[in-house]
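Enquirer: Numbering (the numbering used here), first residue to last: 7 to 89. Note that beta-carbon positions come from the ideal geometry of N, C-alpha and C, so glycine has one too. It should be emphasised that the depicted structure is a prediction, and the values quoted were computed from it without experimental measurement. This structure is in structure tokens; I'll ask about it shortly.
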């Protein structure tokens, strides 16, 4: 399989609310809260899912990045040479 690198999410906003787009959706992820109580919003199967309990904004953003990378890898297929 060809080597690739998954891009980092680009966050917009400031302070207590940040948003990142992905897969053509303007607000795919949202991180909001305050020190010691951050929440990540991400798409679920039929509606957005809110996951509270992140100690820092960076922790919530990292969780979004991990989820994004998992979704990208899940959508890829391995192609053998010569096919």
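Look up residue 31 in the DSSP assignment and give the residues it is bridged to.
Expert: 28
Enquirer: Going by C-alpha distance, which of 52, 57, 47 is nearest residue 25?
Expert: 47
Enquirer: Please report how far the alpha carbon of residue 76 lies from the alpha carbon of residue 45, in whole angstroms.
Expert: Distance between the alpha carbons of residue 76 and residue 45 is about 19 Å.
Enquirer: To the nearest angstrom, how far is the alpha carbon of residue 53 from that of residue 12?
Expert: Going by the C-alpha atoms only, they are around 25 Å apart.
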